[in-house]
Amino acid sequence: MLDLNFIQQNVKIVKKAIKNKNIELDLDLLLRVAKKKKEFQQELDELRQEKNILADKLQNPTERNDYLIKKGREIKEKITLFEKDLQKIKNQFDSLMAKVPTIPSPDTPIGKDENSNQEISRWGKIPEFNFKPKDHIKLGKNLDILDLERGTKVAGYRGYYVKGKGVLLMLGLVNLALAKMIKKGYSPFIPPTLVKGRALFGSGYFKGTEYDSQIDEIYQIATADKEVDGNASREKKFLIGTAEPSLLAYYADEVLDKQNLPLRMCGFSQCYRSEIGSYGKDTKGLYRVHEFMKVEQVVISEAEIEKANKLQEEMIAISEEILQDLNLPYRKLQICSGDMSPGKYRAFDLEAWLPGLNRWGETGSASNFLDWQSRRLNVQYRNKKGEKKPVFMLNNTALATPRTFIAILENCQQKDGHILVPKTLAPFVGSKII
RNA sequence: GGAGAGGUCGCAUAGUGGUCUAGUGCGCCGGUUUCGAAAACCGGUGUACCGCAAGGUACCGUGGGUUCAAAUCCCACCCUCUCCGCCA
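Just so we're on the same page, this note's numbering is the position in the first sequence counted from 1, plus 1270.
Written as structure tokens, this is what we have:
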């Protein structure tokens, strides 16, 4: 969400961002609706004033008469009509406003899709094997630490079991990431994974104001809805796809103390993704699954772009450090305008090399949203002048278990099929070899 | 899941149809006083939108309804607390 005044004063810039981000949005329509909304609001205010004056008169018995009461009824009816129209206009306005993107940062490459993402750096050596490296599916099966067949039998498509030492490896990764985050000054959280729509809308996971789990690739929980006037009245609940929405919504509707900024948080959670839009993609193995564990980093900062950019660098550096600790070769990409979600200002991905799959695989994504999320979640702080301002919000993956799990298996495999656990990880796993 | 109580301006609380333009206390800000402070006293103190301003409108958990008029009455829902039941 952007400020309407900003949009009105920067129509060209906003239109350019809409184009560069491949967003379907008629900005002129939004501006017209905004104008109409204002007009209707003014008209309604006048009617209400009339109503109040009349009601005032009528409480005096000497002025009371049938004519005035009749007039009151007429005003009431008019107001009802106006309120209904205004509500419709407001709904339209809100849904259009929700689609307005953040203007991408000046250094963001312009491009249509992921092919325009720019590689910025690489770290580590791509391992060379004196045997044909296996993929994690085979390795996991042979070691009996991963069971995809039974996973599918029980959970359906993309289901999986992690077993035996694989469990220790996976939890070891979680604990390594948590220990790193805490060491870096981030407060750990185990946030709710079952949340109301607001949290997901606030983070930008719902594209529109109507929460549609079909469109938005988010699982909705089937609650026993009661019907009121033909509508399901009980509030819908959804499963989060990352701890980010829960962590950001933690401060929803609050005014934060400037002294406490930046707030550094990290969340460990199960994550659920319906992957409705990715049916044909990555159909095998652990690369794309419906549920997994992840440690996520979140930072809430003052509304100053330079500070936020610095914090973003800090967050990426932590993720890089984790990959370096695990001795996993990776590259860093800057995400182009078209591959960025609407709310993002500036984004980077880290991709680890996956020898078995013989390609790079995304292990994390660091994003700066500026105030796009905080406007939706209504999180503010008081700046130097004492004015309330929306904070800036940033997030980044610390460690997503399945993909890092894949990277470890495929990079650390030995000829005999065993996995040599990286030195820094071994204490968290409890053994040096799997 | 059942029964009950409750949700009002940062906090606490008053308000059961019109005089609520939501009162009071605390807190906070400013002033008087003081060498300085405390105390006391005086004044100020929510948010959003429209307007150059004067001013207007909305918001008393949320949504609907009744009424000329709703914080107040009715309905539904959400949340919190207490008790009971079930349960990791």
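In this text, a Cβ means the ideal position worked out from N, Cα and C, and glycines have one as well. In this text, all values refer to a predicted model and were calculated from it rather than measured experimentally.
- Would you list the one or two residues that DSSP bridges to aspartate 1417? Tyr1431
- Item | Assigned secondary structure, asparagine 1638 (DSSP; H/G/I helix, E/B strand, else coil) | Secondary structure at asparagine 1638: strand, using DSSP grouped into helix, strand and coil.
- Task: Would you list the residues sitting across from glutamine 1567 in a DSSP beta bridge?
- Result: Looking at the DSSP assignment, glutamine 1567 forms a beta bridge with Cys1536, Asn1666.
- Proximal residues to lysine 1286 (C-beta, below 6 Å), its chain only, five neighbours per side dropped: none
- Could you name the residues of the same chain whose beta carbon sits closer than 8 Å to that of asparagine 1387, not counting the 5 residues immediately before and after it, in chain order? Pro1379, Gly1381, Leu1603, Gln1604, Ile1605, Cys1606, Asp1609, Asp1619
- Message: Quick check on the burial criterion: 16 or more other C-beta atoms within 10 angstroms. Buried or exposed for asparagine 1653?
- Response: exposed
- Message: Distance check for asparagine 1400 and isoleucine 1703, CA to CA, integer angstroms please.
- Response: Between isoleucine 1703 and asparagine 1400, the C-alpha separation is close to 19 Å.
- What separation, rounded to the nearest whole angstrom, lies between the Cα atoms of glycine 1421 and isoleucine 1415? 12 Å
- Task: Flag this pair as touching only if the region 1621 to 1631 and the region 1530 to 1546 have three or more C-beta atom pairs under 8 Å; answer yes or no.
- Result: no
- Please list, in chain order, all residues of the same chain as valine 1569 whose beta carbon is under 6 Å from its beta carbon, the five residues on each side excluded. Pro1532, Arg1534, Leu1581, Leu1664
- Message: Given this structure, state the Cα-to-Cα distance separating alanine 1304 from phenylalanine 1363, to the nearest angstrom.
- Response: 7 Å
- valine 1649 versus lysine 1564 - alpha carbon distance: 25 Å
- Task: Pick out whichever of Ala1622, Leu1439, Gly1410, Leu1446 has its Cα sitting closest to the Cα of leucine 1430.
- Result: The amino acid occupying residue 1430 in the given sequence is tyrosine; leucine does not appear at that position. Of the candidates Ala1622, Leu1439, Gly1410, Leu1446, the one whose C-alpha sits nearest the C-alpha of tyrosine 1430 is Gly1410.
- Task: Excluding the 5 residues preceding and the 5 following lysine 1577 in the sequence, name in chain order all residues of the same chain whose CB lies nearer than 7 Å to its CB.
- Result: Taken in chain order, the residues that qualify are Ser1571.
- Message: Assuming aspartate 1298 is part of the alpha helix (DSSP H), what are its boundary residues?
- Response: 1297 to 1328
- Query: Start and end of the alpha helix (DSSP H) containing isoleucine 1211?
  - Reply: The structure shown does not extend to residue 1211, since the chain is modelled only from 1271 to 1704, so the question has no answer here.
- Where does arginine 1543 sit, in a helix, a strand or coil, going by DSSP? coil
- Message: If distances are taken between C-alpha atoms only, which option among Leu1272, Ala1670, Ala1425 comes closest to methionine 1367?
- Response: Leu1272
- Task: Could you tell me which uninterrupted alpha helix (DSSP H) segments, each at least 4 residues in length, are contained entirely in the region 1553 to 1637, listed from first to last along the chain?
- Result: 1575 to 1595
- Rounded to whole angstroms, what's the CA-CA distance from asparagine 1579 to asparagine 1638? Just pull it up for me. 7 Å
- Message: Looking at phenylalanine 1562: is its Cβ nearer than 8 Å to the Cβ of alanine 1670?
- Response: yes
- Task: Leaving aside the five residues before and after leucine 1295 along the sequence, list all residues of the same chain whose C-beta is less than 6 Å from its C-beta, in chain order.
- Result: So the qualifying residues of the chain are Ile1288, Lys1369.
- Item | Same chain, Cβ closer than 8 Å to valine 1444, five either side skipped, listed in chain order | Phe1538, Met1563, Val1565, Leu1669, Thr1671
- Message: Measuring only the C-alpha atoms, how far is alanine 1522 from serine 1644?
- Response: 8 Å
- Can you tell me which of Lys1454, Asp1641, His1560 puts its alpha carbon nearest to the alpha carbon of alanine 1425? His1560
- Spell out the partners DSSP gives tyrosine 1651 in its beta bridges. Leu1526, Lys1659
- Task: Taking only the alpha-carbon atoms, compute the straight-line gap between tyrosine 1542 and arginine 1428 and give it to the nearest angstrom.
- Result: 12 Å
- Taking the alpha carbon of leucine 1464 as the point to measure from, which residue in Leu1509, Ala1622, Gln1567, Leu1627 has its own alpha carbon closest? Leu1509
- Task: Within 10 angstroms of the Cβ of glutamine 1683, are there 16 or more other Cβ atoms? Answer buried if so, exposed if not.
- Result: By the neighbour-count rule (16 or more Cβ atoms within 10 Å), glutamine 1683 is buried.
- Task: Look up aspartate 1686 in the DSSP assignment and say whether it is helix, strand or coil.
- Result: Coil, per DSSP.
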